[in-house]
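*Asks:*
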Amino acid sequence: GANVHLVENNSKKAAFLREAQRVTRSPASVHAVRIEDFARSFEGRADVVTARAVAPLKSLLSQAFPLLGKSGATGLFPKGQHAELELEEARASTKLWRLEARLAESRTDPAARIVIIRDVERDATTP
314 GANVHLVENN SKKAAFLREA QRVTRSPASV HAVRIEDFAR SFEGRADVVT
364 ARAVAPLKSL LSQAFPLLGK SGATGLFPKG QHAELELEEA RASTKLWRLE
414 ARLAESRTDP AARIVIIRDV ERDATTP
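So the sequence shown is numbered by this note's numbering: it starts at 314 and just counts up by one.
(1) Name the one or two DSSP bridge partners that Glu401 has.
(2) Here's the rule I'm using: 16 or more other beta-carbon atoms within 10 Å means buried, otherwise exposed. How should Arg426 be labelled?
(3) On the DSSP bridge assignment, give the partners of Thr421 in chain order.
(4) Do you know how far the Cα of Ala328 is from the Cα of Ala424?
(5) Quick check for students: name the residue ranges of the beta strand (DSSP E) that lie wholly in the stretch 335-411, counting only runs of 3 or more.
(6) Would you check if the stretch 331-341 and the stretch 360-369 touch, i.e. whether three or more CB-CB distances between them fall below 8 Å?
(7) Just how far apart, CA to CA, sit Leu380 and Arg358?
(8) In terms of DSSP beta bridges, what is Leu416 paired with?
(9) Sort out for me which residues DSSP pairs Leu319 with in a bridge.
(10) Restricting to Cα atoms, I'd like to know which of Ser419, Ile348, Val343 and Arg411 is closest to Ile430.
(11) Would you kindly check if the distance between the Cβ of Phe390 and the Cβ of Leu370 is under 9 Å?
(12) Exposed or buried, Pro440, counting other C-beta atoms within 10 Å across all chains shown (16 or more means buried)?
(13) Buried or exposed: which applies to Ala417, given that a residue is buried once 16 or more other Cβ atoms fall within 10 Å of its Cβ?
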C-alpha cells in the first residue's frame, strides 16, 4: 500500500526511473526536480525519507528538513565508512537542529553505516 516518490534532478536518470517504474508496475511517482524544490512543494505526508550519495549529512538535513520535520518522517541515509564523522560534523557545524540519531550496520558493506534520524526539529531560538 505504499506510494513511493523518487526524486532525481538528472533527466536521463529520471527517465530510467520512470521506465523501471512502468516495467515493474511499482506504486511510484518520479519527480525530475531538485530535492529542495520537491521538499518545499510536497503536500503529502512522508513516513520515510532516504537518499544515497546526494550530499554530506549536514547539507542533506537542510534539503530534507521540510519532509522530515513537517511529517515526523524517519530519515534513512546510507553514508559509508565515515558515517559517524558525518554525523558529528552535522551536529557540530550547526546548532540549528535538534534530532535523535543513531547508526546501524549496513548489510552491503561491513565498514559502512546507515544514519537513522528521527524527531528532527529546527532550534526555535535560532533564526
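Using N, Cα and C, we set each Cβ at its ideal position, and we do this for glycine too.
*Replies:* Quick look at the numbers:
(1) None; Glu401 has no bridge partner.
(2) buried
(3) Thr421 is not bridged to any residue.
(4) 32 Å
(5) 341-344, 361-363 and 387-393
(6) no
(7) 8 Å
(8) Val428
(9) Val343
(10) Arg411
(11) yes
(12) Confidence in Pro440 is poor, its pLDDT being 49 and thus under 50, which makes the residue's placement unreliable; the coordinate value appears in the next sentence. The residue in question, Pro440, is exposed, as its Cβ has fewer than 16 Cβ neighbours within 10 Å.
(13) exposed
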